[in-house]
Each structure stands twice: as structure tokens, then as C-alpha cells.
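Protein chains in written order, with the numbering used here: chain A, 1 to 36; chain B, 1001 to 1511.
First the structure, in the form of C-alpha cells, and then the observations on it.
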């Protein structure tokens, strides 16, 4: 693979999968509050 | 009418999220995204794609969640509760879901058969001839001439399964099915990707997919493709997310859920891109041709190119084929369940019927149409044309009407923003209204114009104008007309629903 392709593959993985992990972590840190 | 306290709820936040992800991750993630990315700048496509996800996809998901959650109903009821005059949009979405469910199921039925064919590679040396002549027995365009039993019976099985899951309800049916199938899909497809990237020539395919062509970024059509991919992939505009969110409990986090669902859908697309192009690269290397000659999308990729590739594999061909087609079946079934649920939930809201009779009537009704029209010699033609027109002039147009009406005509976005902010950790600002009120309608309008222009330049798929008008125009215009007519019938039972303004809670860690 060319360097440009490798870089873009890594960038895509880091941003999209990283975005998923970050949004899951953020959601887990804020549990839903149930009606009292 | 199902009142708030009677409305069935998801068992857990994870249950809702997996169902929402199961709905979004469908056939398009596997067979559409990789080719769209490859054709529109490769690695450079990432830029418009991410911009589209963040500026239109996720904001629209939040909008759909907020409508379903605040107004607690299937699309017609939720829109009616926003404003009596908007009820037609909900019915329009119901009609769109009906049409899509009818043909979507048949593709799943093909994939079921192909999982079986994979074991011995029954398609032989010419998968295209096998698909068209032996398996589908495709005939001339026109009225149904004969039924194809090899498609008929698996299609019946798909419908029995979907109806069974829906009959068990939101928590015991839909949630449980997704909590089983989505992790299974990730595992099966993950194994496939590992196998794919270790094939000889995989790097050729990945090179073709990820090498950036930066000039693409200045090309308007690439941006249209990126927004189109995000819209169709996230299944927005069918009313699914309105329906699913109507079963969330009152203090559910809406914007955080939309971020997870949106990124999860794109994550699977990237995974599919790697798997599909690594496989395509292997084929290109094995047959000594360029990757572009092997790459394709849709039915051609899944049912012609992949069988060819599977037959070329020397070891573990059957295993690889079963993994691929089972992944298609799972991705498809979890989406189909969500599409049919839109119609089921609507019939329950409209008639007050209990779940099981509603599921049997709706599921049975769609199944009958699906089974009468699609396992036939003409099925592929109907499917192809209905799919193109209902997406371009149904799904996308309904989304466009929703954002214009809510942002500009009735100005409901500030109220919905407040509703989301009352329960969500990621707060929306004016930027959300700008994205939905300006960016999304401009892009959707542009997509629509671009698509219409092409319709007049060349007949879609080379079909005759009469056939396109009858089937394509029929489903697209028919869905809208159905929406308007259905909204004119008065509701017998009174609706004393009042949306609850939730107090903004102190958010924080909770034990």
C-alpha cells in the first residue's frame, strides 16, 4: 500500500472508531435519570 | 390511543441503542458505502463524508429522536400532535416504509439462499448467468409472468421470522433480537475482514479505496454523494427513528444516543470498506486486472462479484461465502424489522389494536405484497426501479419537507432543542438549528435537483419511460398521495395528549 493510503486508512479508523468510543464513553458517564 | 403510561418501553439504554444501530446498519453499509467512497476520491472522500455525518446525519437523527420522544407516537400520531396539518408527513413515511419493506425482504431471501450456495459454490463458473437465468429466472420487463420457487420459500421464511420477532414486542422481540444479532454481526464480519486483509492482493484493494484524490474535494458531485450516503445509510426520513424513540423513557439522553448510533453506523461502513476492498483486491491480483474492473456495488457486488471471488479462493471458500452472506442476512433483517415496526406502531396508534393483531395484519399485509410481486421473473426489475424512486423521491423528499416545515414554516426547532437539552448531556446550541434549517435543506434540495436532472437526461437503468413512470412514479407519487388521503380521515377517539416540558435536570454521576 502507498504511504498516502496507509495514512488515510489510519486517519479514517482513528476518527470514526475513535468517535464511536468517545461517544460511548461520554454517554456512559451520564446515566439517564429515571422519573422519580 | 396508546397513552404515555401504556406505551411499551425499551428495557435498557443499550437495548434501544443496539436496535437503532441494527436499523441503521443495513445492506447499504456493506454493498453501497465501499464503492461510493472508492468512486468519489477514495481516502479524500473521508472529508465530505465526515462533514456530512456531523452537519446533517447526526443533527437529523437528533431531530427524529426528539419528535418521537416528545410527542410519543408513530410518525402520523407524532406529526399530528405537532400540528394537525402535518399528519400527512407521517402517513407518507408509513407508505415509504411499506414499499421499502416489501422489496428489502426479497434481497434478504436471496442472501439466505446464497449462504447455502456458498458451501459448494453452486453458481459454477459463471455467477452472473447463474443469478439471472437459473436462480432469479429473470424475464422481460412487464407484468408478472411466473413465480420462482427458489426465492418464494426463503422469502416466506424471512417474513415468518420478522413477524415472529415483532409479535414479541419492543422489549422481548426487537430489543432481544438486536442484542443477539448486532454483536454476532460484528463478530462474523470481523472474522471475514481478518480473512480478507490476509489474502494475497488485499493491499491492492485497500490502496484503491484509501489513496486520496484531493481534487475530488472541490467537486460538487462528491459532496452530493457524501450527503446521500449519510442520509440513506442512517435510514432517516422513513420515520423509523421517530417510532423507536417514542418507546424511550422520559428522561432518555437523546443527543448522546444519536452520536453513538451515527458513529456506530459509520464505524461499520469503514469496516465494510476494508473487508470488501481487500477481497476485491485479491480478485484483481488473482485475475491480473485493475481493481476498478472488479469493484462494483449493490446486487452486482454481492451476488455476482462476491460469488466469483469465493470460487477463486483456494482454501476456506465455503466458510468465507457463508460469513459474507450471513452478514448480509443479519444486517438486512435487523433493518427490515425496524422498517415494518413503523407501520405496526402506526396501526396500533391509529386503531388501538393490541400488538399481536396489529403485527399479524401489518406484517401479513406487507408480506403478501412482497411475496406476490418479488419472487417472480419480473421481481428484479420492480425492485430496482422501486428502490431508486422511493429513495430519491420518497425518503429524501420527506426529509426535505420535514426540515423546511419544522424550521421555517412552524418554527418548532427552538422547542425541540429545549426538549433535547432537558435530558441530554450533549447540549444543542443555535448551531443545531442552523444545520437543520439551512445546511440540511440546501444539501437535500441540491441532491433532489441533481437526481431529477439525471432522470430527464437518461432513463434510469435503461428501462422504458412507461415502465419508469408506472413503477417508479407510481411508488413515489403513490406514497405521497396515500399520505395526504390517509391524513384526511378523522380520528374517532379523542387525543388528550399534552407534551410534558421536562425540567432541566442537574446532570452528573449517578449511582
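All C-beta atoms in this analysis are idealised placements derived from N, C-alpha and C, irrespective of residue type, glycine included.
Residue 1346/B, DSSP secondary structure in three states: Here residue 1346/B sits in helix by DSSP.
Where residue 1465/B sits in the DSSP three-state scheme: Three-state result, residue 1465/B: helix.
Residues that DSSP places opposite residue 1218/B in a beta bridge: According to DSSP, residue 1218/B bridges with nothing at all.
Taking only beta-carbon atoms, is residue 10/A less than 7 Å away from chain B? Cβ-Cβ to chain B under 7 Å: no for residue 10/A.
Going straight from the alpha carbon of residue 1165/B to that of residue 1108/B, what length do you get? Straight-line Cα distance between these residues: approximately 16 Å.
Would you give the residue range spanned by the alpha helix (DSSP H) that residue 2/A belongs to? That residue, residue 2/A, is in no alpha helix (DSSP H); it is neither H nor E in DSSP.
So with Cβ pairs under 7 Å, would you call residue 25/A a contact of chain B? No, its Cβ sits nowhere closer than 7 Å to a Cβ of chain B.
Name, please, each residue of chain A whose Cβ falls closer than 7 Å to the Cβ of residue 1212/B. What residue 1212/B touches in chain A: 4 and 8.
Please classify residue 1461/B as buried or exposed, where buried requires at least 16 neighbouring CB atoms within 10 angstroms. Label assigned to residue 1461/B: exposed.
Please list, in chain order, the chain A residues whose beta carbon lies closer than 9 Å to that of residue 1390/B. For the C-beta of residue 1390/B, not a single chain A residue is nearer than 9 Å; the gap to the nearest is close to 28 Å.
Note down, in chain order, each residue of its chain lying with its Cβ closer than 7 Å to the Cβ of residue 1204/B, except the 5 sequence neighbours on either side. Excluding five sequence positions before and after residue 1204/B, the CB atoms of its chain that fall closer than 7 Å to its own CB belong to 1281, 1284, 1285 and 1291, given in chain order.
Which residues, in chain order, does the stretch 1189–1210 of chain B contribute to contact with chain A at a C-beta distance below 7 Å? Per Cβ criterion, the list reads 1203, 1206, 1207 and 1210.
Under the DSSP definition of a beta bridge, which residues are partnered with residue 1376/B? Beta-bridge partners of residue 1376/B (DSSP): 1147/B.
Can you find a CB in chain B that lies within less than 7 Å of the CB of residue 16/A? So yes, residue 16/A belongs to the interface.
For residue 1433/B, which residues in the same chain have their Cβ closer than 6 Å to its Cβ, ignoring the five residues on either side in sequence? So the qualifying residues of the chain are 1413.
Going by alpha carbons, who is nearest to residue 33/A out of 1418/B, 1012/B and 1366/B? Across the set 1418/B, 1012/B and 1366/B, the C-alpha of 1012/B shows the shortest separation from the C-alpha of residue 33/A.
Tell me which residues share the same chain as residue 1082/B and place their Cβ nearer than 8 Å to its Cβ, disregarding the 5 neighbours each side in the sequence. The residues are 1067, 1071, 1406, 1410 and 1412.
By Cβ distance below 7 Å, which residues in the same chain neighbour residue 1027/B in space, the five residues on each side in sequence not counted? If we look at residue 1027/B and ignore the five residues flanking it on each side, its Cβ neighbours are 1107, 1328, 1331 and 1332.
Given that a residue counts as buried once 16 or more other Cβ atoms are within 10 Å of its Cβ, and exposed if not, what is residue 1390/B? Buried, by the Cβ-count rule.
Can a CB atom of chain B be found closer than 7 Å to the CB of residue 28/A? Judged by the 7 Å Cβ criterion, residue 28/A is not in contact with chain B.
What do you reckon, are the CB atoms on residue 1321/B and residue 1310/B nearer than 7 Å? Residue 1321/B places its beta carbon less than 7 Å from that of residue 1310/B.
Counting only beta-carbon separations shorter than 7 Å, does residue 1263/B have a partner in chain A? True, the Cβ-Cβ gap to chain A drops below 7 Å.
Helix, strand or coil at residue 1183/B [DSSP, three-state]: Three-state result, residue 1183/B: helix.
Can you confirm whether the stretch 1302–1317 of chain B touches the stretch 1219–1237 of chain B when touching is taken to mean that 3 or more C-beta pairs between the two stretches lie within less than 8 Å? Verdict: no, contact absent.
In three-state terms, what does DSSP make of residue 1255/B? Three-state result, residue 1255/B: helix.
Please name the residue, chosen from 1370/B, 1341/B and 1368/B, that lies closest to residue 1356/B on a Cα-to-Cα basis. Across the set 1370/B, 1341/B and 1368/B, the C-alpha of 1341/B shows the shortest separation from the C-alpha of residue 1356/B.
In chain order, what are the residue ranges of uninterrupted alpha helix (DSSP H) at least 4 long that sit wholly in the stretch 1033–1059 of chain B? Qualifying alpha helix (DSSP H) stretches, in chain order: 1033–1039 and 1046–1052.
Considering Cα atoms alone, identify which of 1490/B, 1365/B and 1199/B is closest to residue 1317/B. Of the candidates 1490/B, 1365/B and 1199/B, the one whose C-alpha sits nearest the C-alpha of residue 1317/B is 1199/B.
Measuring CB atoms only, is the stretch 1347–1355 of chain B touching the stretch 1113–1131 of chain B, in the sense that at least three cross pairs come out at less than 8 Å? With a cut-off of 8 Å on Cβ pairs, the stretch 1347–1355 of chain B is not in contact with the stretch 1113–1131 of chain B, counting fewer than three such pairs.
Taking just the CA atoms, how far does residue 1101/B sit from residue 1336/B? Straight-line Cα distance between these residues: approximately 6 Å.
Helix, strand or coil for residue 1087/B per DSSP? Of the three classes helix, strand and coil, the one that applies to residue 1087/B here is helix, per DSSP.
Per the contact definition of three or more C-beta pairs closer than 8 Å, is the stretch 1250–1262 of chain B in contact with the stretch 1056–1066 of chain B? Contact holds: three or more Cβ-Cβ distances are below 8 Å.
Roughly how many angstroms separate the alpha carbons of residue 1278/B and residue 1193/B, rounded to a whole number? Computed Cα separation, rounded: 8 Å.
Which whole-angstrom value describes the C-beta separation of residue 1031/B and residue 1302/B, a residue pair presumed to lie in contact below a C-beta threshold of 8 Å? Their Cβ separation, rounded to whole angstroms, is 5 Å, which keeps residue 1031/B and residue 1302/B in contact under 8 Å.
May I ask you to report which of helix, strand or coil DSSP gives residue 1008/B? Correct three-state label for residue 1008/B: coil.
Taking residue 1236/B as the reference, give the member of 1499/B, 1427/B and 1053/B with the closest Cα. Nearest C-alpha to residue 1236/B: 1053/B.
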